[in-house]
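Chemist: Residue numbers (full-length UniProt numbering): 1 to 252. In this text, a Cβ means the ideal position worked out from N, Cα and C, and glycines have one as well.
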Amino acid sequence: MTFSLDLSGKTAIVTGANTGLGQAIAVALAQAGAAIVAVGRSSMEETERLCRDTGAAFHAVQADLSSLEPIERIVSEAASVSGRIDILVNNAGIIRRADAIAFTEKDWDDVMNVNLKSTFFLSQAVARTMLADEGGGKIINIASLLSFQGGIRIPSYTASKSGLAGLTRLLACEWAAKGINVNAIAPGYFVTNNTEALRNDPKRSSEILGRIPAGRWGDPTDLGGAAVFLASPAANYIHGVVLPVDGGWLAR
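Below is the structure:
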């Protein structure tokens, strides 16, 4: 029996692909042969250049996932690239930091809308296209270490990522028999915009590094292999997994 990580002929939507983890995932999928539909709020020129350098087709969709308004457009434009959507990576996410005792309703709703609500309804919309032609597909959610742990000063982020782990398992249970694999990746502490405040705090940064067995913050490129694997035929019998990519954090 053979297996393959080749994604040639596949089309992948990656949300939040303008920078950081989303950009790295898009580039990794492109290197594996997938055509990329990159979704983001800001310019994706750098992501486009990096993906096209691999020889991959690339299409950018400017969209703000703080509401459901762009979902139909994202799906329509992605399907137009090659006829169908084979892979969806739900990476778009935001974070708000404040003590729980002072946390506002707006900071709660803003995070939930992007991290959980839009993720579900975009997954639903893409799954409908996969079910319509019975061709199956792969959906990969970007969870977090906060899917397993509580954290501090990020109540809505922790709630959204814990909810995303549960949603991943729920969708896997419903769609596995229909040829759709739903899994998640839980990144550890990576060098991204979301962790800038932590990295700029010498005490917190030292505490975090002291617990990571690998001894370093993750680089966004460290996430690419896991994404390619879960998007590939090699993962055809994997459903409902939340895979930590954390330098050994959860093993400590």
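Given a threshold of 16 other Cβ atoms within 10 Å of its Cβ, counted over all protein chains shown, does D53 qualify as buried or as exposed?
Modeler: Answer is exposed; the Cβ neighbour count stays below 16.
Chemist: Would you call the stretch 196-212 in contact with the stretch 134-141, where contact means no fewer than 3 C-beta pairs closer than 8 Å?
Modeler: Touching, no, given that fewer than three Cβ pairs across the two stretches are closer than 8 Å.
Chemist: Compare the beta carbon distance of E48 and A38 with 9 Å and say whether it is the shorter of the two.
Modeler: Result yes, Cβ atoms of E48 and A38 sit closer than 9 Å.
Chemist: Taking only three categories from DSSP, how would you classify I74?
Modeler: DSSP places I74 in helix when its eight states are reduced to three.
Chemist: Determine the direct distance from the alpha carbon of I152 to that of K106, and round the result to whole angstroms.
Modeler: Cα to Cα, K106 sits roughly 18 Å from I152.
Chemist: Evaluate N183 with the Cβ neighbour count: other Cβ atoms within 10 Å of its Cβ, from every protein chain shown; 16 or more gives buried, anything less gives exposed.
Modeler: By the 10 Å Cβ count, N183 comes out buried.
Chemist: Verify the CB distance criterion: does D201 have a CB-CB separation below 9 Å to chain D?
Modeler: As a matter of chain content, chain D is missing from the structure shown, which is built from one protein chain.
Chemist: Hey, out of I185, S82, N115, whose CA is closest to D64's CA?
Modeler: Answer by Cα proximity: N115.
Chemist: In whole angstroms, give me the CA-to-CA distance for R143 and F229.
Modeler: Inspection of the sequence shows that residue 143 is occupied by Ala rather than by Arg. One C-alpha to the other measures close to 16 Å.
Chemist: In whole angstroms, give me the CA-to-CA distance for Q149 and G40.
Modeler: The straight-line gap from Cα to Cα measures roughly 28 Å.
Chemist: Identify the continuous beta strand (DSSP E) that holds Q62 and give its terminal residues.
Modeler: Here the beta strand (DSSP E) through Q62 covers 58-62.
Chemist: With a 10 Å radius around its C-beta and 16 neighbouring C-beta atoms as the bar for buried, classify N200 as buried or exposed.
Modeler: Exposed, by the Cβ-count rule.
Chemist: Note the first and the last residue of the continuous alpha helix (DSSP H) segment covering T168.
Modeler: Its alpha helix (DSSP H) spans residues 155-175.
Chemist: So, are the CB atoms of W108 and P155 less than 9 Å apart?
Modeler: The answer is yes: Cβ separation under 9 Å.
Chemist: Just the Cα atoms here: how many angstroms apart are E45 and V14?
Modeler: The straight-line gap from Cα to Cα measures roughly 15 Å.
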